[in-house]
Structures are given as structure tokens and as C-alpha cells.
Amino acid sequence: MKAMDILKKGIFLFSFSILFISAGAQHTGNDRIEILLKKMTLKEKIGQLNQAMAGWEVTGPSAKVNCRELIREGKVGAILNTYMVDSVMALQRIAVEESRLKIPLIFGNDVIHGHCTIFPIPLGQAASWDLDAIEQSEQIAAKEASAEGLSWTFSPMVDISRDPRWGRVAEGAGEDTWLGCRIAEARVKGFQGKDLKDPRSIMACAKHFGAYGAPQAGRDYNTVDMSMISLYEWYLPTYKACVDAGAGSIMTSFNEINGTPSTSNRWLLTDLLRKSWGFRGFVVTDFGSISELISHGVAVNEFQAAALAMHAGVDMDMMSRAYENSLEELVKEKKVTLTEIDNAVRNVLLAKMKLGLFDDPYRGISKEREQKEIMAPEYLAFARKMVAECCVLLKNDKGTLPIPVTVKTIAVIGPLGDSKRNMLGNWTSAGDEEKCVTLLEGLKNKAGNNVSIIYEKGCNTNDQDRGGFKAAVDLASKADFVVLALGEDEWMSGEASSRANIDLPGVQNDLAEEVIRTGKPVAVVLFSGRPLAISRLNAIAPAILETWFGGTEAGNGIADILSGDYNPSGKITMTFPRSVGQIPVFYNCKNTGRPFRPAEPDQKYVSRYLDLPNDPLYPFGYGLSYTTFFYSNLKVSVNGNKILVAADVKNTGNRDGIEVVQLYIHQKVGSITRPVKELRGFKRISLHKGETARIEFTLTSDDLAFYHPDLKKYYESGEFEIFVGGSSNASLTQSFLFK
Ligand code: BGC
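Under this note's numbering, think of the first position of the sequence shown as 71, with each following residue one higher.
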């Protein structure tokens, strides 16, 4: 730490300790907060509940205010979107040296898939099924973000979604609640580490509470209307998993649930979150959502909106300024009590204490630390490995991939072949597109001098211009192998990026047709923030590799797969529909009273479409490898409360490979209907060619439990089926009775 920093820290500790002297010597964190609360004016208390923007804005209008002045007056508790040592120090210095009570600020930002070193988008990360890697990516993100002064991230986003039209599926873990919970836990652990006082950790914020991933028609911000039982069974557990993992904060969502917006929902924020789940952190709104209560139609004005949010249990107002503008008056008019305000302030101050901000408001930041942490070579190496782990091989006819070693000229064709910006994906925090490796660059890095890599864009991502087709086809004719880089632009997924048609945009399908018609071997490298409905492409492309948006090292990681240096192991965590008309299509659906039986395709009065099969293009849990795996010898036995499952998995191809072995359950008869399959376990295993491993799982009655109409969760004895396999289509099955 530099002399200046030490001096600043000294001044802060001296001034801050004065606040506590009158009350005696040693104080616990809680005592310290109570002492502080007693010294605070109402205005200063309200200030702690106000999050303001000092930097740039990303997602919504920000009132242009003089943030420095507000901090000086004690009217701001947290800052949004400011990072980097100088900026953070400058604002924190005002808070801890120039404001009356010297309460430090929390600096928050959306660190969603890396801070400077950008990893694949979260939906891509989920496809790795590698919980350790996911946790480690958040550790790296926390180290980089904290080195730049951030102490809080608005992550993980744990919204379960069954609708790929919704652009924000890119930020989540996909459609499955059980897997979503495991990933949520890993992310919270990664960000927060063992102790938030460690200055290299940052506080997590589980979002968007709740059920934001179920908007009607997949349109962002839209109404959520669902049965309580579905809410409890599918949509709420991931937030609870974050709470149980110790997440320091939780963010309300923009949507309403069954008529009440989350931000004014006392049942959600107080009865469920605090009373039933025992949440001890603080609740922040999503961007400006207190004022949005007016548009929702539950408040006439900002004044009433602020009261509703406070009664519901919102501690901090992100960017609507409704608390700042109304709370004082609301207290005067006795529409909000001081106790409510004190409780909210306590929650915020406690978080600051847990983060160690009262001991070192700068959390040890320095230019040196920033330089050392940001994009350290080991972080980039890790990011590259992660890109490869996240890619999913959807199709590979006749072993088109990996690119044969005999190939001398590779043509990269397509609008995403050399696009730096599109490698980052949405929510890039401090990611720098200039530092991203494109697919073209990655292949060039890999090929060295022996192979020539040539490139044509062919068309844009999203318009009707076919002017580049001829050059693309000519280029393909000159090559031994073609890599078609197609997909969405990164801005087409993420917030406010719902799409009604989720096929390849623009004329990319036409480009693919013309290039494939040359007869050259072609592999499609697909970039997207969601499952796309690519039936047309799928019908003609011999090989398709889904790569999401891979981040800084995207091109290198993809090249590792295309070359065969990494054998693909990713499996999709969200169903790929054949067409938008199938949505919502997800693996853990119900059987219905008139299930469609593929063996009797002409049946009419069954649950089916006249013009499409029921099954999706690619099911949940699916992904190919350059080798093959064979499952056999499933054995299920029950021992007391334990269900022991074992199966043999053999690598039957001629390459070493990684397989994600998945276990699904199905209860045959219940007091209420049960899904046809439910994921309850997986193991990511590595097998040499020819090797067989016996894979074992242990389940307990908890894994069989489900929510009942009284919203209580318990299991029912009866007959169950276990399925083990490499996707949700797993057919190796055995039934058992559980008492
Ligand atoms: C998004 C949140 C985000 C917040 C702050 C909102 O628009 O919904 O996910 O954390 O902005 O950037």
C-alpha cells in the first residue's frame, strides 16, 4: 500500500472510531451499527438506502445529479457502474473524509461473466456442467473486480427460463431448477469466497427475485402469471439456493407475479425471503423499479410507490430516487415508520461491515494491485479452457470435425468470423473488445504457417444484403474445409432483447445453403445468446458447434475444439426447439392424459401438433463428443433412506473424452402429476478410449420430494424410475419402490 493510501486509511479509521468512543471500548459489529444508527439523522439514514450512478449508464435513464455533492451530504449509500482505482478512491474519499458520519460507499456493477477477462456467457458456462470451473471463473471475476474497487456484483442471475425468445436466458443457467441451484451455489461461493472481509472477494446479489424468467410470450419485463405450485417447484428454488449459500444481497425483479410487482411484494420480500428463508442480507431493487410501480398501476405517484416498496421490504432503491425524494415526507406523514427505515439501514450497514468497509473503505486497492490482477496470463489461460468446455457439438455427420490434419486451406466465412465485439457477449463489465480473439484469429494462432486461413464475411448478421455471397462461394471453392461462422449479434440477447423469431437472422441461412452447395466439407460455428430454432440450417449443415459468446479468449478456445486439441464435452442446459411454435418446450414436462406415442404416429386425439413433432431439435443435456459413450449395467438398490444407483459408462470411440453422466428420476404415480423426467444428479467424468468406469450416485428421499398444493415439500412413497445417460433422452432405466 502506498504512503498516501496508508495515510487515508489512518484518517478514516481515526474519524470513524470517534463515532464509537462515547459508547465504550469493544463493540461487536451489531453494536457498532446500533451506535451509528443513533447518530444518524433521518436524511442520512435515507441516504444509505439510495444507490446512485456516478459513471455511465447502461440499462436505463439516470437522473443527472451531482453525485459528489450527494455523497458529501450523506445522501448516497452505494454507487452503480463506477470502477477503476482512481474513480473509486475519489468518490470513497468524499464519503469517508467529507461526509459527516464518514460511512463508506459500496461500489456495485454487473460482473456477469468476468470483469476484464471475459468468460463465456452464463448460459454457455452452464453447458460445461463444470461447477468447479464456474466457481473459479467467479473467483477470478471477483479478484479483478475488487482490484478495480468494486465490492458488489449484481450476479448471479438465477432466473429459470423455459422460453428462448426471452433475451435474458443468456445470463442464466438454463431451464432446469436442480442444475440451476448447483450453479447458483457455485457462483455465490466463487464471488464471496470464505469471508467477505477478504478484499479479493465481492458480495453477490441473487437476481431477479422472482420468476423474472417466465414473462408471458418471452417478452422482457412482461407479466408473470403462474400457479403457486409451479412458482415453488420450478422458479423460486434457485434464489433460495443463493440465500442458503450466503449471498449478501438480493435484487427484486421488474415483473409482477400474479398481480403484484416484485418490488412492492411483501409476501415475496418479507414473508418468504426473510421470515421463511431466513435471509439476512439486504434487498435492492432493479434499476428504477420503484418508480415503475406507477406504470404497473399499483401506485399513483412516486410517493406512494416508495411507501409500497418500503412496506414490502426493499432496503435499497437502485436509481429511481423515490426513497431519496419521498421517505422523509412519508415518515412525517406517518405512512412509513422509523422502525422500517432503521431496519433497512441496518441491513445495508451490516453488509458494509461484512465487507470490511468500516475497517478499510478502499479494500486495499492500488494501481499496483490493479495492474497485477487485470487479465493475468493464468486468467486468460483459464478463460480459454473454459471456452472449450462450454462449446456444445450439436451435429457431426461422418466425423466432419475435427478439421482433418491433411487440410491445407481453411476458409472462414460468415459475419461472425472476425467480429471482436461479438465475442464478448452482453454484459461485458470492463471487457475490452479489442483484446478479444476472434474465430479467424484463433484459427490463425492455431494453424501456424502450415495451413492457410482465408476469410470472407459473406453477409451481415441481420440484413437482406446478398452482395457478399459470390465472394464467399468463390472463397469456399478455393478451400479444403469451410468454417461457417453464423449466429446472432451479441446485442440480440440480454436485457430488452427478446426475439419473436429465433432462427438465424438476416440472410445467413441462404449464405449457408450456397456455401454448402459447393460440396466442400463444412462445419458451422454458431454464436448465440440463446437456443436458436435452426431447423433449416440443421437440415443441411454436416456439423454444428454451438459456441455461445465465448468472451476474451473465444477464438482460441473454439480453435482448440475445431482442431481436435480439445474433445467437446459441453451439453446444452436449455432445449433447442425445432420452431418457435413449440415454445415452451422443456424436458421436465408432464405426460398429459393423452400422450403422443411415436410408435403410433397417426393418432389424432393426442397431445401433438399436426405440422411438427413434439420432440425438440436438441434436448436438454444433449451434446456430442468426438468419441462415443455406451451406458449399461444399471443397478438401483434401496437401503433405508438411500437410493444407490450405479451404471457402467464405456468410452467406445477412439479418443479420450469427457462425458457428463446424467441421472433423472420419474415418479410413476403421485397425488399430483409428476414430470416425465427430473434431473437429480450428474458426474462429469474423463475416460480414456476403451475405458469403462462404474459411475455411482446416492439419492435420498429429499431427491424425491416435491411441492404439494399446500406448498409443503415432501416425498410420497411409490414406484419410481431412474434413467441414466448422456442427455435427458436417457433410455437406460430401472424402476424401484421407495417406502
Ligand atoms: C438489469 C439488472 C442490472 C441492473 C444494473 C437492470 O436493468 O435488469 O440485471 O443488474 O440494470 O445494471
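Where is the CB? At the ideal position from N, CA and C, for every residue including glycine.
Check your understanding: Given SER361, which residues of its chain have a CB within under 7 Å of its CB, disregarding the five upstream and five downstream residues?
Key -> In the sequence shown, residue 361 corresponds to position 291, counting from 1. Excluding positions up to five away in sequence, the list reads GLU372, ALA375, SER390, ALA392.
**Study point:** CB contact flag (LEU378, SER221, <9 Å)
**Key:** On the sequence shown, position 308 is the one that residue 378 refers to. On the sequence shown, position 151 is the one that residue 221 refers to. Judged by beta-carbon spacing, SER221 lies beyond the 9 Å limit of LEU378, meaning their Cβ atoms are not closer than that value.
Point to revise | For TRP618, three-class secondary structure by DSSP | key: Locating residue 618 in the sequence shown gives position 548, where the first residue counts as 1. DSSP places TRP618 in coil when its eight states are reduced to three.
Check your understanding: Does the beta-carbon distance from GLY651 to VAL457 come in below 9 Å?
Key -> Against the sequence shown, residue 651 aligns to sequence position 581. Against the sequence shown, residue 457 aligns to sequence position 387. Cβ atoms of GLY651 and VAL457: not closer than 9 Å.
**Study point:** Beta-carbon separation (whole angstroms), PRO638 vs SER695, contact threshold 8 Å
**Key:** For this step, residue 638 is matched to residue 568 along the sequence shown. For this step, residue 695 is matched to residue 625 along the sequence shown. So it is a contact: roughly 6 Å between Cβ atoms.
Check your understanding: Where ALA215 and HIS185 are concerned, what is the direct C-alpha to C-alpha distance, given to the nearest angstrom?
Key -> As a first step, residue 215 must be located in the sequence shown, where it is residue number 145. As a first step, residue 185 must be located in the sequence shown, where it is residue number 115. Those two C-alpha atoms are separated by around 6 Å.
**Study point:** Helix, strand or coil at VAL415 according to DSSP, with G and I counted as helix
**Key:** Taking the sequence shown and counting its residues from 1, the one referred to as residue 415 is at position 345. In the structure shown, VAL415 sits in a helix (DSSP, three-state: H, G or I).
Review point. Per DSSP, what kind of secondary structure is TYR64 in: helix, strand or coil?
Key: Given that the chain is displayed from residue 71 to residue 809, the structure contains no residue 64 and the question cannot be resolved.
Review point. What does DSSP give as the partner residues of PHE790 in its beta bridges?
Key: By one-based count along the sequence shown, residue 790 stands at place 720. Looking at the DSSP output, PHE790 sits in a beta bridge with GLN737, PHE806.
Point to revise | Same chain only: Cβ atoms within 6 Å of LEU704, ignoring 5 sequence neighbours per side | key: Residue mapping note: residue 704 aligns to position 634 of the sequence shown, counting from 1. Taken in chain order, the residues that qualify are ALA717, VAL794, LEU802, GLN804.
Review point. If you measure from the CB of ASN151, is any heavy atom of ligand 1 nearer than 8 Å?
Key: As a position in the sequence shown, residue 151 is number 81, starting the count at 1. True, at least one ligand heavy atom lies under 8 Å from that Cβ.
Exercise for review: Using a threshold of 9 Å, state whether the C-beta atoms of ILE182 and PHE224 are closer than that.
Suggested key: Looking up residue 182 in the sequence shown gives position 112. Looking up residue 224 in the sequence shown gives position 154. In this structure, PHE224 lies closer than 9 Å to ILE182 by Cβ.
Exercise for review: Alpha carbon to alpha carbon, how far is TYR688 from LEU464? Give it in angstroms, no decimals.
Suggested key: Here residue 464 corresponds to residue number 394 of the sequence shown, with the count starting at 1. Here residue 688 corresponds to residue number 618 of the sequence shown, with the count starting at 1. Rounded to whole angstroms, LEU464 to TYR688 spans 8 Å at the Cα level.
Check your understanding: Expressed to the nearest angstrom, what Euclidean distance is found between the alpha-carbon atoms of PHE752 and LEU494?
Key -> Working through the sequence shown from its first residue, we reach residue 752 at position 682. Working through the sequence shown from its first residue, we reach residue 494 at position 424. Each residue's Cα considered, the two are about 29 Å apart.
Review point. Going by Cα to Cα distance, which pick from CYS251, ILE272, LEU249 is closest to GLY219?
Key: In the sequence shown, residue 219 corresponds to position 149, counting from 1. Cα-wise, what sits closest to GLY219 is ILE272.
Practice item. Determine which residues share a DSSP beta bridge with TRP222 and list them. Key: Your numbering for residue 222 matches position 152 in the sequence shown. TRP222 is bridged to GLY178, MET273.
Review point. Grouping DSSP H, G and I as helix and E and B as strand, with all else coil, what is ASP387?
Key: For the purposes of this step, residue 387 is identified with residue 317 of the sequence shown, where counting begins at 1. Of the three classes helix, strand and coil, the one that applies to ASP387 here is strand, per DSSP.
Exercise for review: Note the first and the last residue of the continuous beta strand (DSSP E) segment covering GLU526.
Suggested key: By one-based count along the sequence shown, residue 526 stands at place 456. Its beta strand (DSSP E) spans residues 522-526.
**Study point:** Nearest neighbour of LEU509, chosen from ASP550, VAL401, GLU623, GLU399 [CA to CA]
**Key:** On the sequence shown, residue 509 is found 439 positions in, with the first residue counted as 1. That would be GLU623, whose Cα lies nearest to the Cα of LEU509.
Practice item. Kindly indicate which three-state DSSP category ALA165 falls into: helix, strand or coil? Key: The count along the sequence shown starts at 1 and reaches residue 165 at position 95. When secondary structure is reduced to three states using DSSP, ALA165 falls in the helix class.
Point to revise | ligand 1 heavy atom lying under 8 Å from the CB of HIS278 | key: For the purposes of this step, residue 278 is identified with residue 208 of the sequence shown, where counting begins at 1. Within the cutoff, so yes.
Check your understanding: Does DSSP put TYR701 in a helix, in a strand, or in coil?
Key -> The residue given as residue 701 occupies position 631 in the sequence shown. Reduced to three states, the DSSP call for TYR701 is strand.
Point to revise | Alpha-carbon spacing of TYR525 relative to ALA196, whole angstroms | key: For the purposes of this step, residue 525 is taken as the residue at position 455 of the sequence shown. For the purposes of this step, residue 196 is taken as the residue at position 126 of the sequence shown. For the pair TYR525 and ALA196, the Cα-to-Cα distance works out to about 31 Å.
Check your understanding: CB of ASP772 to nearest heavy atom of ligand 1: below 8 Å?
Key -> One-based indexing of the sequence shown puts residue 772 at position 702. No, the Cβ of ASP772 stays beyond 8 Å of every heavy atom of ligand 1.
Review point. Counting along the chain, where does the alpha helix (DSSP H) carrying ASP314 start and finish?
Key: On the sequence shown, residue 314 is found 244 positions in, with the first residue counted as 1. First-last of the alpha helix (DSSP H) with ASP314: 307-314.
Practice item. Spell out a yes or no on whether the region 247-260 and the region 308-315 are touching, meaning 3 or more CB-CB pairs, one atom from each, closer than 8 Å. Key: yes
Review point. Is GLU748 helix, strand or coil when you go by DSSP?
Key: Start at 1 with the first residue of the sequence shown, and residue 748 comes out as number 678. Looking at GLU748 - three-state DSSP - the assignment turns out to be strand.
Check your understanding: According to the Cβ coordinates, are ALA203 and GLY599 closer than 9 Å?
Key -> The sequence position of residue 203 within the sequence shown is 133, counting from 1. The sequence position of residue 599 within the sequence shown is 529, counting from 1. No, they are not a contact pair.
Check your understanding: So, is SER132 buried or exposed, given that buried needs 16 or more other C-beta atoms within 10 angstroms?
Key -> As a position in the sequence shown, residue 132 is number 62, starting the count at 1. In this prediction, SER132 has a pLDDT of 45, which is less than 50 and means its spatial position is unreliable; nothing more can be read from the coordinates.
Check your understanding: Does the separation of the CB atoms of ALA546 and VAL592 fall below 9 Å?
Key -> By 1-based counting over the sequence shown, the position of residue 546 is 476. By 1-based counting over the sequence shown, the position of residue 592 is 522. Their beta carbons are under 9 Å apart, which means ALA546 touches VAL592 by this criterion.
Review point. Should PHE189 be listed as close to ligand 1, given that the test is whether its C-beta is under 8 Å from any heavy atom?
Key: Counting from 1 along the sequence shown, the entry for residue 189 is found at position 119. Not so, every heavy atom of ligand 1 lies at least 8 Å from the Cβ.
Review point. Taking the Cβ atom as the reference point for each residue, do LEU602 and PHE690 lie within a distance shorter than 9 Å?
Key: What you label residue 602 is simply residue 532 of the sequence shown in a count that begins at 1. What you label residue 690 is simply residue 620 of the sequence shown in a count that begins at 1. The beta carbons of LEU602 and PHE690 sit no closer together than 9 Å.
Check your understanding: Residues in its own chain within less than 7 Å of ASN530 by CB, not counting five upstream and five downstream?
Key -> The sequence position of residue 530 within the sequence shown is 460, counting from 1. Around ASN530: PRO485, GLY576.
Practice item. Count the other C-beta atoms from every protein chain shown that fall within 10 angstroms of the C-beta of ARG454, then say buried if there are 16 or more, exposed otherwise. Key: By one-based count along the sequence shown, residue 454 stands at place 384. Counting Cβ neighbours within 10 Å, ARG454 comes out buried, since at least 16 surround it.
Review point. Which one of HIS381, LEU769, GLU670, GLY727 has the shortest CA to CA distance from LYS759?
Key: Within the sequence shown, residue 759 is the residue found at index 689, counting from 1. Here the closest residue by C-alpha is GLY727.
Check your understanding: In three-state DSSP terms, what is PRO331?
Key -> What you label residue 331 is simply residue 261 of the sequence shown in a count that begins at 1. Here PRO331 sits in strand by DSSP.
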